[in-house]
Structures are given as C-alpha cells and as structure tokens.
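So in numbering that gives the first Met the number 0, spot 122 of the sequence shown is number 121, and the numbers just go up one at a time.
Where is the CB? At the ideal position from N, CA and C, for every residue including glycine.
Everything on this sheet refers to the single structure shown next.
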Amino acid sequence: MPERNAVVQLLDELDDRIDGAMQRRLHEWRQHLTLLANQLRHAPGRGIYAAKERLGQLGHRLVRSMDTTMAQRRQRLAQIEATLRSAHPKRVLERGYSMVHDEQGGVVSTIAGLTEGQTIHLQFADGRAAADVHTLDHMEDET
C-alpha cells in the first residue's frame with residue numbers, strides 16, 4: 000500500500016484533473032448555449048421556438064451531466080477514503096498486528112534493526128508495552 004501522503008497527493012491530482020475537465024466541459028456548453036442564444040436573436044419567427052426548445056434541452060442535459068459527474072466523483076472519493084481508512088495503522092493494529100519501535104521511536108521492520116538486550120516498545124491497538132530482546136533468530140527467505 001503506498002504511503003498515505005502519496006495517496007493524498009494522488010487524490011489531489013485526480014481532484015484537480017476532474018475539476019479541470021469539468022470546467023472545460025462547462026465552458027464548451029456555455030459557448031454552445033451562447034451560440035444558440037445568438038442564433039435565437041437572429042432567427043425568424045418559427046425558428047425562434049425551435050431554438051428556444053433546443054436551448055432548454057441543452058440546459059437540462061448540462062445539469063444532468065454535471066449531477067452524474069459529481070455523483071461519480073463522490074463515489075470514487077468514498078472508495079478511496081474507505082481504502083485509506085482500512086490501511087490506516089490503527090486499523091491494522093485492530094486486526095491483531097503490532098508495531099515495534101526502538102528507543103528513539105523509529106519503526107523496527109526487520110530483525111537486523113535489533114540487538115540482544117535492547118529495549119523495544121510494542122504498539123498494540125489498545126496500548127503500548129516495553130520489552131527487552133533476549134535472543135535473535137534470523138529466518139531464511141522462504142520465497
């Protein structure tokens with residue numbers, strides 16, 4: 000799982016890209032609506048009614064399109080948020096794992112980071128404990 004900051008940065012970039020795309024789409028629709036409105040001003044009699052109808056339809060399509068885009072965007076962000084929440088260290092601890100820290104508070108992820116007699120700190124979902132390292136047993140790579 001990528002680091003939280005990398006995921007948050009990716010979310011920000013995706014948010015910017017979505018905003019940019021929506022702004023461009025909205026700009027295109029506005030230009031089209033402006034063109035139709037200009038045509039309305041110059042259209043004789045019966046063309047006015049057709050152009051008004053088309054303008055109204057385009058306005059409704061624009062609203063529906065924006066609503067759909069926003070709903071999809073909210074759903075995607077909710078999925079990403081759920082993924083982030085499940086990978087949060089506290090959630091991992093709640094699943095029965097623990098984190099080992101050295102005396103300076105750094106995370107110990109391999110046995111190479113330990114020495115016999117060293118005091119380590121264990122982080123559990125509901126608290127912390129200190130322990131002393133008595134023996135070190137290196138495991139062979141099983142892959």
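- Rounded to a whole number of angstroms, what is the C-alpha to C-alpha distance between Asp125 and His31? 59 Å
- Exposure of Met0, with buried meaning 16 or more beta-carbon neighbours within 10 Å: Residue confidence for Met0 is low, a pLDDT of 48 falling below 50, so the modelled location carries little weight; the figure read from the coordinates is stated next. With fewer than 16 other Cβ atoms within 10 Å, it is exposed.
- Delimiting residues of the alpha helix (DSSP H) encompassing Leu146: Limits of the chain in this structure are 0 at one end and 142 at the other, which puts residue 146 out of reach.
- Message: Tell me the rounded alpha-carbon separation between Leu113 and Leu135.
- Response: 8 Å
- Message: Considering only DSSP beta bridges, list what Ala129 is partnered with.
- Response: His120
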